[in-house]
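To start, the structure under review is shown below, and the notes come after it.
2 protein chains.
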Amino acid sequence: MSAPIIAIDAMGGDFGPRNIVRASLACLTATPSLHLALVGQASLIEELIARHRGVDRSRLQIVQADEVIAMDERPSQALRSKPGSSMRVALELVADGKAQACVSAGNTGALMALSRFVLKTLPGIDRPAMIAAIPTRTGYCQLLDLGANVDCSADTLYQFAVMGAVMAETLGVTRPKVALLNIGTEDIKGNQQVKLAAGLLQAAPGLNYIGYVEGDGLYRGEADVVVCDGFVGNVLLKSSEGLASMIAARVEMLFGRNLLTRAVGALALPLLKRLQADLAPARHNGASLLGLQGIVVKSHGSASVEGFQSAIQRALIEVAQNQPERLRGRIEAMFQHGRT
Amino acid sequence: MSAPIIAIDAMGGDFGPRNIVRASLACLTATPSLHLALVGQASLIEELIARHRGVDRSRLQIVQADEVIAMDERPSQALRSKPGSSMRVALELVADGKAQACVSAGNTGALMALSRFVLKTLPGIDRPAMIAAIPTRTGYCQLLDLGANVDCSADTLYQFAVMGAVMAETLGVTRPKVALLNIGTEDIKGNQQVKLAAGLLQAAPGLNYIGYVEGDGLYRGEADVVVCDGFVGNVLLKSSEGLASMIAARVEMLFGRNLLTRAVGALALPLLKRLQADLAPARHNGASLLGLQGIVVKSHGSASVEGFQSAIQRALIEVAQNQPERLRGRIEAMFQHGRT
């Protein structure tokens, strides 16, 4: 794939197209092989582009979409009554082979529902999962699912483990350590789904399954991939974001106490901010939807320009590594070993 | 209750009786009205007491117990085959009215099972819950369940909400705001149990139910009491502990970089350590078992002397506030309003 085209849902997110257009143009400049398709209200997008100089229009197309899915719209409604939404048109570019990936900062539930409807899941995958990187003491861990699937059967957790391992490999980890998130490391701990999933994973061919990790083990870096249902994953991700920003606020307060500490605070603050961004990975870098016949990256609704750029970069890596085909190959190998 | 007696399981925890005896004697000195019953291997406890001076033996009794429950022992085994364990004998002192509360740093599962067997739950309560205080931007929030109950029905979550509210009141909060932990604040979000529990709580008399909070809302201090199943609560608590200690390590590293920052680091480190302790509340202050016909506080297995002291203090507050009777009264009031 010499010249990947990324379809950008220019209308999604809390701030409208302004940040998204800025981030897109910055990526276009930074990556000379990149082509973008900005999907949304064409006149508005043109107006925003006109504010920037030196835009290489030969690598930038604008695709008109008449409708916008609101951030609080029900997924079912978005699916039924808005065939011309920017999100859907962007996904259809991927389905039609006119783009190799879609990036959106829009309504998560709608993006999940539309992705599944437009792109379909890979054979053997029941439900797509949402995955993001969480910083740990030793590096990063891929956590899934982050909220797309509230209740998960053992079989779904098993599929997530396989998908997570492929994503870690896509991002450069060799023989990633895969673990199930649990409330203890002994065999007797956990709910029925987790215990059954553990049995499936122990028997899985070619997967480096290391057993259970607990919430603290995740941050100690015990695994490269941590699997849980979407309720648990979402709570873990959001509470971690909330805790990190509370700690950052307290440390800032601490630094503000006297002149000496204020001086050092000024030195340390950029590093603390970076830590905080690191600890809100989905907000900062985007999360991938996994298990689809196509690449979809979700940027946070309130992502900054840099955050949206990171999401485009993530999509580019997945395109370069051909993530869905890797996943398809892995799943087929599993099928041949007798798993359903 | 002028002279409360607290039964201490002296043999529980990762470090054996040494820390526990030290913490117990410190509490005895600090609280002149306190009486303690140290339960365990009497000769060993006597030996440890002999190392301390000025111990008021008139307020300290030693109760011999021949067996110890191991930290990795199965609860069912602890229940069946160790009738003479220090944990069980301490709980029996409470059941027999010879002590007003029990504090243990031992095996959590065994403590839950034995408490339920020896003390019984209050009428109307199906399962005891484990609760601890989590620091937030505005103060503290009581989080339950922390791992005692892996799967919870809507009715169990409802009971937890009532129990959590009573605990918050016991600790001094007027009309505590009660919320269900969820992965969104819209009505359509969440799993079936949470949605059903929301319906029950909306109709609950005398409960200040404010709806759903998310993981980040918890740390923003949106609620005084946050209710979830034990799997979710345990993951939230342990991942928060893991994240806080990871951040503390990074901040320390940051401070170590040059002479100036090292100097400030030395100033700030005690405050950072305190923050970290604050963020590991169950480890530091102990967690209460709620819904029993008696007061039981679980100190963390690897609690420090200060941590175990805090757990004894927590038990003392619950004794002074007559926690189980408050809870009984509240549950009866609910029954009269037609709930089952």
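Heads up: the sequence lines are chains A and B, in that order. Taken in order, the first sequence gives residues -4 to 335; the numbers are from the numbering used here. Taken in order, the second sequence gives residues -4 to 335; the numbers are from the numbering used here. Positions of the beta carbon are idealized from the N, C-alpha and C atoms, including for glycine.
Asked                                                                                                                                                                          : Found
Cα separation between MET(-4) of chain A and ALA243 of chain A?                                                                                                                : Confidence at MET(-4) of chain A is low in this model, with a pLDDT of 48, below 50, so its placement is unreliable and the value that follows should be read with caution. Taking the straight line from one Cα to the other gives about 42 Å.
Which whole-angstrom value is the C-beta distance of SER294 of chain A and PHE303 of chain A, which I expect to be below 8 Å?                                                  : 5 Å
Which same chain residues end up closer than 8 Å to GLY206 of chain A when comparing Cβ atoms and leaving out the 5 residues on each side of it in sequence?                   : ALA174, LEU175, THR180 and ALA193
Determine whether the beta carbon atoms of ASN229 of chain B and LEU141 of chain B lie at a separation below 8 Å.                                                              : yes
Nearest CA to the CA of ILE57 of chain A: which residue from A:SER240, A:ALA85, A:MET241 and A:ILE64?                                                                          : A:ALA85
Here's the rule: buried if 16 or more other CB atoms are within 10 angstroms of the residue's CB, otherwise exposed. What is THR165 of chain A?                                : buried
Does the beta-carbon distance from LEU106 of chain B to VAL291 of chain B come in below 8 Å?                                                                                   : yes
According to the neighbour-count rule (16 or more other Cβ atoms, all chains shown, within 10 Å of its Cβ), is GLY101 of chain B buried or exposed?                            : buried
DSSP state of ARG334 of chain A, grouped into three classes?                                                                                                                   : Residue placement at ARG334 of chain A is poorly supported in this model, since its pLDDT is 48, which falls under 50; the coordinates still yield a value, given next. In this structure, ARG334 of chain A counts as coil in the three-state DSSP scheme.
Are ARG309 of chain A and GLY289 of chain A touching if we call contact CB-CB under 8 Å?                                                                                       : no
For the putative contact between PRO123 of chain A and LEU284 of chain A, defined by C-beta atoms under 8 Å, what is the C-beta separation to the nearest angstrom?            : 5 Å
Pairs of beta-carbons, one from the region 231 to 251 of chain A and one from the region 68 to 87 of chain A, closer than 8 Å: are there three or more?                        : no
Run through the DSSP bridge pairs and tell me what TYR207 of chain A is partnered with.                                                                                        : A:LEU175
Which residues in chain E have a C-beta closer than 9 Å to the C-beta of ASP67 of chain B? List them in chain order.                                                           : Of the protein chains in this structure, namely A and B, none is chain E.
Name, please, each residue of chain A whose Cβ falls closer than 7 Å to the Cβ of LYS233 of chain B.                                                                           : GLU209, GLY210 and ASP211
For a minimum of 4 consecutive residues, which ranges assigned as the alpha helix (DSSP H) are wholly contained in the region 61 to 143 of chain B?                            : 70 to 76, 81 to 90 and 103 to 114
Go ahead and label ARG92 of chain B buried or exposed: buried means 16 or more other beta carbons lie within 10 angstroms of its beta carbon, across all protein chains shown. : This sequence places Gly at residue 92 of chain B; Arg is not what is there. With fewer than 16 other Cβ atoms within 10 Å, it is exposed.
Hey, is ASP146 of chain B's beta-carbon within less than 8 Å of any beta-carbon in chain A?                                                                                    : yes
Count Cβ pairs between the region 34 to 43 of chain A and the region 311 to 322 of chain A that sit closer than 8 Å; are there 3 or more?                                      : no
Can you name, in chain order, every residue of its own chain whose Cβ lies under 8 Å from the Cβ of VAL145 of chain A, other than the five neighbours on each side?            : ASP224, GLY225 and PHE226
In the DSSP output, which residue or residues are listed as bridge partners for LYS293 of chain B?                                                                             : B:SER99 and B:ALA282
State yes or no: is the beta carbon of MET241 of chain A nearer than 8 Å to at least one beta carbon in chain B?                                                               : yes
Can you check DSSP and say which residues form a bridge with GLN36 of chain A?                                                                                                 : The partner list for GLN36 of chain A (beta bridge, DSSP) is empty, contrary to what the question assumes.
Name the two residues that bound the continuous beta strand (DSSP E) containing LEU55 of chain A.                                                                              : 55 to 59
What are the start and end residues of the beta strand (DSSP E) that includes ILE3 of chain B?                                                                                 : 0 to 4
Would you check if the distance between the CB atom of LYS77 of chain A and the CB atom of GLU87 of chain A is smaller than 8 Å?                                               : no
With a CB to CB cut of under 8 Å and the five nearest residues on each side skipped, what residues in its chain are close to ARG13 of chain A?                                 : LEU43
Alpha carbon to alpha carbon, how far is TYR135 of chain A from VAL208 of chain A? Give it in angstroms, no decimals.                                                          : 15 Å
For the alpha helix (DSSP H) containing VAL168 of chain B, name the first residue and the last one.                                                                            : First-last for VAL168 of chain B: undefined, no H or E at that position.
Should SER28 of chain A be labelled buried (16 or more other beta-carbon atoms within 10 Å of its own) or exposed?                                                             : exposed
Hey, does LEU106 of chain A have any beta-carbon neighbour from chain B nearer than 8 Å?                                                                                       : no
Any beta carbon of chain B sitting closer than 8 Å to that of TYR214 of chain A?                                                                                               : yes
With distances taken from CA atoms, which of B:ASP219, B:LEU109 and B:GLY49 is nearest ALA70 of chain B?                                                                       : Residue 70 of chain B is actually Pro in this sequence, not Ala. Of B:ASP219, B:LEU109 and B:GLY49, the residue nearest in Cα terms is B:LEU109.
Using the rule of at least 16 other Cβ atoms within 10 Å of the residue's Cβ for burial, across every protein chain shown, is SER305 of chain B buried or exposed?             : buried
Between which two residues does the alpha helix (DSSP H) harbouring VAL246 of chain B extend?                                                                                  : 225 to 250
For ASP4 of chain B versus SER148 of chain B, is the C-beta spacing smaller than 8 Å?                                                                                          : no
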